[in-house]
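These protein sequences, in sequence, are chains C and G. Taken in order, the first sequence gives residues 1 to 116; the numbers are from my numbering. Taken in order, the second sequence gives residues 1001 to 1114; the numbers are from my numbering. All residues carry an ideal CB built from backbone N, CA and C; glycine is no exception. Step one of this worksheet: look at the structure below.
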Amino acid sequence: KAGVTQTPRYLIKTRGQQVTLSCSPISGHRSVSWYQQTPGQGLQFLFEYFSETQRNKGNFPGRFSGRQFSNSRSEMNVSTLELGDSALYLCASSLFLYREGTDTQYFGPGTRLTVL
Amino acid sequence: GENVEQHPSTLSVQEGDSAVIKCTYSDSASNYFPWYKQELGKRPQLIIDIRSNVGEKKDQRIAVTLNKTAKHFSLHITETQPEDSAVYFCAASSYGGSQGNLIFGKGTKLSVKP
Chain C
1 KAGVTQTPRY LIKTRGQQVT LSCSPISGHR SVSWYQQTPG QGLQFLFEYF
51 SETQRNKGNF PGRFSGRQFS NSRSEMNVST LELGDSALYL CASSLFLYRE
101 GTDTQYFGPG TRLTVL
Chain G
1001 GENVEQHPST LSVQEGDSAV IKCTYSDSAS NYFPWYKQEL GKRPQLIIDI
1051 RSNVGEKKDQ RIAVTLNKTA KHFSLHITET QPEDSAVYFC AASSYGGSQG
1101 NLIFGKGTKL SVKP
């Protein structure tokens, strides 16, 4: 099976602009989570989508939003970019086996966003 | 909400020695504890995970132990090799409930010296 893919891999934007990142999960996976990784804060959860519905959301401002399509592909959007939004944005997909009480998340390669 | 603390932040060992990384979590509802390895410039890769109904799990040179009472879990790497050098992250989540996201520790940078 192909792994999780993310596009674009690298992005440079200026303050005030907005950006859209895309994630294609592993075939058959219905859950997609997004994380922000920075040297100072580490890996922080942004939000999770399952069957086109946001199931959970982390502690990020409303400038960060996302959605999931019927084919499980997901996008996240950041509006009014700030310098502090520079980070590696990772998405992870999982099968979400509810009754198993556990679910392995597989990460994509990430999108490196630089805000100037 | 859940909070995961990870220690140490850096760890340097000689090739062949063992390495131990410890994590504590705050939410007693957490029931799934994966460990990820992230090499420089690469994505996090799952190396081992454990569920709350299991106390220990092994996979070749890697083992994870879980103490639910004390709310801590540890990663043990035996016979370390230079290729084990990476940043290791622990995480916790409570699948089956309303929380489906992973809460990560800050990471441990492991250096294995030849």
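Using three-state DSSP, classify residue i as helix, strand or coil.
i, result
"Pro109/C", "coil"
"Pro1034/G", "strand"
"Gly62/C", "coil"
"Asp85/C", "helix"
"Asp1084/G", "helix"
"Asn1067/G", "strand"
"Ile1103/G", "strand"
"Arg9/C", "coil"
"Ile26/C", "coil"
"Ser127/C", "The question about residue 127/C has no answer here: the residues shown for chain C are numbered 1 through 116."
"Leu1040/G", "coil"
"Ser31/C", "strand"
"Glu1005/G", "strand"
"Ser1098/G", "With a pLDDT of 41 at Ser1098/G, under the threshold of 50, the predicted position of this residue should be treated as unreliable, though the coordinate-derived value follows. Residue state, collapsed to three classes: coil."
"Val115/C", "strand"
"Ser72/C", "coil"
Tell me the residue span of the beta strand (DSSP E) that contains residue i.
i, result
"Lys1057/G", "Glu1056 to Asp1059"
"Arg55/C", "Thr53 to Lys57"
Could you please give me the residues that DSSP links to residue i through a beta bridge?
i, result
"Gly42/C", "Thr38/C"
"Lys1113/G", "Gln1014/G"
"Asn77/C", "Thr20/C and Ser65/C"
"Asp1049/G", "Pro1034/G"
"Ser1093/G", "Tyr1032/G"
"Ala1019/G", "Ile1077/G"
"Thr104/C", "Bridge partners of Thr104/C: none, in fact."
"Thr1108/G", "Tyr1088/G"
"Thr1024/G", "Glu1005/G and His1072/G"
Just the C-alpha distance for residue i and residue j, rounded to the nearest angstrom, thanks.
i, j, result
"Gly3/C", "Ser79/C", "28 Å"
"Asp85/C", "Ser65/C", "13 Å"
"Phe1073/G", "Ser94/C", "23 Å"
"Arg112/C", "Thr1065/G", "34 Å"
"Ser1111/G", "Gln1014/G", "8 Å"
"Asp1049/G", "Gln41/C", "23 Å"
"Ser1098/G", "Met76/C", "Per-residue confidence for Ser1098/G stands at a pLDDT of 41, beneath the threshold of 50, marking its modelled position as unreliable; no derived number is given."
"Gln1006/G", "Ile1077/G", "16 Å"
"Leu83/C", "Leu90/C", "18 Å"
"Arg99/C", "Asn1101/G", "Interpretation of Arg99/C is limited by its pLDDT of 49, a score under 50 that renders its predicted location unreliable; the figure taken from the coordinates is listed afterwards. Each residue's alpha carbon lies about 16 Å from the other."
"Thr1108/G", "Pro109/C", "20 Å"
"Ser1116/G", "Gly1105/G", "Limits of chain G in this structure are 1001 at one end and 1114 at the other, which puts residue 1116/G out of reach."
"Arg1051/G", "Phe107/C", "20 Å"
"Arg55/C", "Arg67/C", "11 Å"
"Ser1093/G", "Tyr1032/G", "5 Å"
"Asn1003/G", "Tyr1025/G", "6 Å"
Below 7 Å on C-beta distance, what does residue i contact in chain D?
i, result
"Phe1089/G", "Checking the listed chains, one finds no chain D in this structure; the protein chains it contains are C and G."
Please determine whether the Cβ atom of residue i lies at a distance below 8 Å from any heavy atom of the ligand MN.
i, result
"Val1004/G", "Although the ligand MN was asked about, the structure shown includes no ligands whatsoever."
Pairing CB atoms from the region 1053-1072 of chain G with CB atoms from the region 2-16 of chain C, are three or more of them under 8 Å? no
Are three or more beta carbon pairs between the region 1020-1035 of chain G and the region 1079-1098 of chain G nearer than 8 Å? yes
Quick one: any contact between the region 48-56 of chain C and the region 25-35 of chain C, if contact means 3 or more CB pairs under 8 Å? yes
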